[in-house]
Structures are given as structure tokens and as C-alpha cells.
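Everything in the sequence shown is counted per the UniProt record's numbering, starting at 1 for the first residue and increasing by one.
C-beta atoms are modelled at their ideal positions from N, C-alpha and C, and glycine is treated no differently.
Structure record follows, encoded as C-alpha cells.
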Amino acid sequence: MQVQFIIDKKYDRQFVRGKKSLQFFTAQYKVSRFFMEATLKLYQKSWDEINDAFSNYIARETGYNWFYDAYKCVLSPVHVGIANWGREPIIVRAWQENSYTQRRITAHELVISHYFEIYRRHYAHNYPLTDGQVWALAEIAAFALTSLPRDIRQFWPWDSSGYYTDHNYPQIVPLQKKLKNSFLKKKNFEEYMKRGFALVKKFSDLKP
């Protein structure tokens, strides 16, 4: 799996809601475009340093190869991170970060997209869940896969935040805490996923 960083204003635009937000979005693209293009090259160089090892790590940990040969990562002047819910190989990331420290959140969004693909292709029929429930499990799996295994530290050795819970989604924290030991003690990723399927049904109103 490869990741290509791109600028795609049209794709980014679909996530903007409201007249004032659109005006801000348009203004930010106008003043930031030159710097976004420069940052794109830095992001790409940094990510390429870990791409193959990270790609293999996720395939090994989850037991599923990536479903696409290439993912696109759209740099945005207004959105921090947007995953894809298993419909196409594209994510969104903020352009204003350090080219090295951006790695973990970029990886996080990729893992969410991969989790959705795994669920939709292999589990949705036998384990029906709402999109919000799958999203919660995908977020939690992304926190786990980017922090708990020792192998992951090679990709962002400066990051000490670990399996943090002080994020923007307090609604998933109780479930996230319950699933930590399930991840650490799992025989395989399928066992972890099925444990999540069982627990998430107690949370009916989950959504981003």
C-alpha cells in the first residue's frame, strides 16, 4: 500500500457546512495554497520513510492486507483529519503540522478506513451495526494500533501520548477503556473485533 499526498479543493469542499464556513474555507485556500504545496512535499518525504514498514505492520496486526494499492491523502487548510468509511481509498489531513509529527494522525485515519473495509467486507452480514457503532470501534482500534504494540513506536518514537483518552470524542471513552485489555490479551485481531461488536451494542447513540 502506498500513500499519495495531494491537494484537492473539490473533495475537501464537500465537508464544509454553512455560508461563513465556506467563506473561511475559500479564503484559507487562497492564502495557503503556495504553502500547502510546499508542505505536501515534506509530508510525502516523511511518510515515504515509514510507508512500507507501516503498511506491512497493519496487515500483520489485523490479518488483512490493505484493500487498495494506493490511498490518497488530501491536505486541507481547515480539516484536521477525516477518514473514509470504507467507500474509497482517500483521507483528509491538515497541512499545518510538522512533517514528522503528522505521521501518527495520518496513520490513525488510514487505520479507521482499513477497519471499515474489513468490517463491511467480512463481518457486516453476521454482525449488523450502525455506522456510528462501526465508527466508534474503528476510532478505538486506530488508537490501539497506533500506540499499544511495541513495534509501532519505531514510526513516531517522540510520541509519548500512548492510548490517550483526552481526545475530541468523549462519547467513546468508556468503550475505549473497556477494549484496551481486550486488545492487549487478544489471540488475534478477529477476536478483538468480535469483542468490540458485542460491547458496542450497549452504546446505541454513538456518532462523531
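If you reduce the DSSP assignment to three classes, tell me which class residue i lands in.
{"i": "Arg60", "result": "helix"}
{"i": "Phe203", "result": "coil"}
{"i": "Tyr192", "result": "helix"}
{"i": "Gly18", "result": "coil"}
{"i": "Gln176", "result": "helix"}
{"i": "Ser32", "result": "helix"}
So who's on the other strand from residue i, going by DSSP bridges?
{"i": "Gln171", "result": "In DSSP, Gln171 forms no bridge with anything."}
{"i": "Val92", "result": "Val74 and Ile82"}
{"i": "Ile6", "result": "Val74"}
Please classify residue i: is it buried, with 16 or more other beta-carbons within 10 angstroms of its beta-carbon, or exposed?
{"i": "Gly162", "result": "exposed"}
{"i": "Phe34", "result": "exposed"}
{"i": "Thr101", "result": "exposed"}
{"i": "Tyr192", "result": "buried"}
{"i": "Ala142", "result": "buried"}
Do residue j and residue i count as a contact pair if the criterion is CB distance below 7 Å?
{"i": "Ala83", "j": "Ile112", "result": "yes"}
{"i": "Ile91", "j": "Glu109", "result": "yes"}
{"i": "Ala59", "j": "Asn51", "result": "no"}
{"i": "Trp47", "j": "Val3", "result": "yes"}
{"i": "Phe189", "j": "Tyr127", "result": "no"}
{"i": "Leu148", "j": "Phe203", "result": "no"}
{"i": "Asp106", "j": "Arg93", "result": "In the sequence on display, residue 106 carries Thr and not Asp. In contact: Thr106 and Arg93 (Cβ atoms closer than 7 Å)."}
{"i": "Tyr11", "j": "Val74", "result": "yes"}
{"i": "Gln133", "j": "Leu206", "result": "yes"}
{"i": "Tyr68", "j": "Pro89", "result": "yes"}
Please report how far the alpha carbon of residue i lies from the alpha carbon of residue j, in whole angstroms.
{"i": "residue 209", "j": "Pro157", "result": "Residue 209 lies beyond the stretch modelled for the chain, which goes from 1 to 208, so this question has no answer here."}
{"i": "Glu61", "j": "Leu137", "result": "16 Å"}
{"i": "Lys9", "j": "Leu40", "result": "14 Å"}
{"i": "Tyr71", "j": "Ser55", "result": "11 Å"}
{"i": "His167", "j": "Gly63", "result": "27 Å"}
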